[in-house]
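**Student:**
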Amino acid sequence: MRVKRLLVGVVTFAAVLVAGAPAAAVSGGERAAPGEFPWMVRILPVGCGGTLIHPQLVLTAQHCVDEQPGDSFTVVSGTVDLKHPRRTTTRSTAHVGGAEWWNGADWAVVKLERPLNLPTLRLATAPRQLQTMTVTGWGTKKAGGPQERFLRKVELPFLPDAQCFDDPWWVEHPEYPRSTICAKSVDQKSHCPGDSGGPALRRLPRGGWEQVGIVSAGSDCDWDAGEEPTPNYTDVAYFSQGIQGAIDQLLSSSS
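Under this note's numbering, think of the first position of the sequence shown as -8, with each following residue one higher.
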């Protein structure tokens, strides 16, 4: 299997072939309830998801912000409805991300111009035993479809590395499998174009959520072509030190 990534452009989506399938939006799920994922944000104009991990910081995918000025984004927050009259919009000021995102380090931290009065999401700092993951986003339901107005969620089964990276090609490219978590699409359930940068979540035993992954690649929801995708997520725990370093750097800067 090779991984084809979808690089999100400033207004349009540009396909970039790196090794297999692209990042997209939620298909086969259901609408999220108001307040169910209060730290979920939308990043414009690139059309990506993200999570509030500090009142002034958003975690997203590096391919969403790569080579774009740190002050070029608007973050929509505080709502599941992107057209809600009480939605909050906040400008970005800077971002720090992983190097060589196409090789697995597909994460970035974006700083906002001011803190938001919203809950923040806990990040995984060590590997987790996963059975399923919940993915949220405003992406499309199928290839070529419109972006969603209302936030959606879908639960996907975890797929072990031995089943996800079973092509001999990966033996010579081990960094990507080491730094990536996989899920399995069942009955046309997956993330789709427009879900990039959003979270893959683990439900905590006592309630609440922990972010274990970042929507990165593996699915473009081309159901009409009979696609059977293997959704890929940046492993948050694997990059926890790098993410923490970016957090410290952005919080200590004046921008």
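By construction, the Cβ of each residue, glycine as well, lies at the ideal position given by its N, Cα and C atoms.
Ordered along the chain, which non-local residues of its own chain (more than five positions away) have a Cβ less than 6 Å from that of ALA14?
**Tutor:** Reliability fails at ALA14, whose pLDDT of 40 lies under 50, so the model's placement of it is uncertain and the value that follows must be treated cautiously. Correct list, in chain order: LEU(-3), SER187, VAL206, SER207, ALA208.
**Student:** Report the residue ranges of all alpha helix (DSSP H) runs contained in full by the region 37 to 124; include only those spanning at least 4 residues, in chain order.
**Tutor:** Fully enclosed alpha helix (DSSP H) runs of 4 or longer: 53 to 56.
**Student:** Taking C-beta to C-beta, are VAL17 and ARG143 nearer than 7 Å?
**Tutor:** In contact: VAL17 and ARG143 (Cβ atoms closer than 7 Å).
**Student:** Is there contact between the region 146 to 164 and the region 45 to 59, where contact requires at least three CB pairs shorter than 8 Å?
**Tutor:** Not touching, per the Cβ criterion.
**Student:** Just to confirm, are GLY130 and CYS183 a CB contact at a threshold of 7 Å?
**Tutor:** Their beta carbons are under 7 Å apart, which means GLY130 touches CYS183 by this criterion.
**Student:** Under three-state DSSP, which class holds TRP214?
**Tutor:** Three-state result, TRP214: helix.
**Student:** Taking CYS173 and LEU150 to be in contact with their CB atoms under 8 Å, please state how far apart those CB atoms are, rounded to whole angstroms.
**Tutor:** That pair is a contact at about 4 Å.
**Student:** What are the start and end residues of the alpha helix (DSSP H) that includes GLU146?
**Tutor:** Careful: GLU146 lies outside any alpha helix (DSSP H), inside the beta strand (DSSP E) at 143 to 150.
**Student:** Please tell me whether TRP98 and PHE230 are closer than 7 Å, where the distance is taken between their beta carbons.
**Tutor:** Contact: yes.
**Student:** Determine the direct distance from the alpha carbon of TRP160 to that of ARG(-7), and round the result to whole angstroms.
**Tutor:** With a pLDDT of only 39 at ARG(-7), under 50, the local geometry of the prediction cannot be trusted, and no value is derived from it.
**Student:** I'd like the list of long-range same chain contacts for LYS132, defined as Cβ closer than 6 Å, with 5 residues on each side in sequence excluded.
**Tutor:** Counting only Cβ-Cβ distances below 6 Å, and skipping sequence neighbours, we find SER18.
**Student:** Across the region 68 to 79 and the region 106 to 115, are there enough close Cβ pairs to call them in contact, namely three or more that are closer than 8 Å?
**Tutor:** Yes: at least three Cβ pairs fall under 8 Å.
**Student:** Please go through the same chain and pick out, in chain order, the residues whose beta-carbon is closer than 7 Å to the beta-carbon of ASN94, but skip the five residues on each side of it.
**Tutor:** Around ASN94: GLU166, TYR167.
**Student:** Report back the beta-carbon spacing between ILE34 and LEU114 to the nearest angstrom; my notes put them in contact at under 8 Å.
**Tutor:** Contact doesn't hold; Cβ gap of about 18 Å is too wide.
**Student:** Quick one, are the C-beta atoms of GLN138 and GLY89 less than 7 Å apart?
**Tutor:** Not in contact: GLN138 and GLY89 (Cβ atoms no closer than 7 Å).
**Student:** Leaving out the 5 sequence neighbours to the left and right, which residues in its chain are closer than 6 Å to GLN240 when beta-carbon positions are compared?
**Tutor:** VAL87, listed in sequence order.
**Student:** From SER68 to VAL32, what distance separates their C-alpha atoms?
**Tutor:** Rounded to the nearest angstrom, the two C-alpha atoms are 5 Å apart.
**Student:** Does the Cβ of PRO222 have 16 or more other Cβ atoms within 10 Å, making it buried, or fewer, making it exposed?
**Tutor:** Burial call: buried.
**Student:** Going straight from the alpha carbon of THR65 to that of LEU103, what length do you get?
**Tutor:** If I take the Cα positions, the gap works out to 9 Å.
**Student:** Where do the N-terminal and C-terminal ends of the beta strand (DSSP E) with PRO190 fall, by residue?
**Tutor:** Looking at the DSSP string, the run of the beta strand (DSSP E) that includes PRO190 is 190 to 194.
**Student:** Could you work out which residue in ASP57, THR171, ALA23, ALA228 is closest to CYS39 when comparing CA atoms only?
**Tutor:** Out of ASP57, THR171, ALA23, ALA228, ASP57 has the C-alpha closest to the C-alpha of CYS39.
**Student:** Hey, how far is the Cα of VAL177 from the Cα of SER244?
**Tutor:** VAL177 and SER244: Cα-Cα distance of roughly 44 Å.
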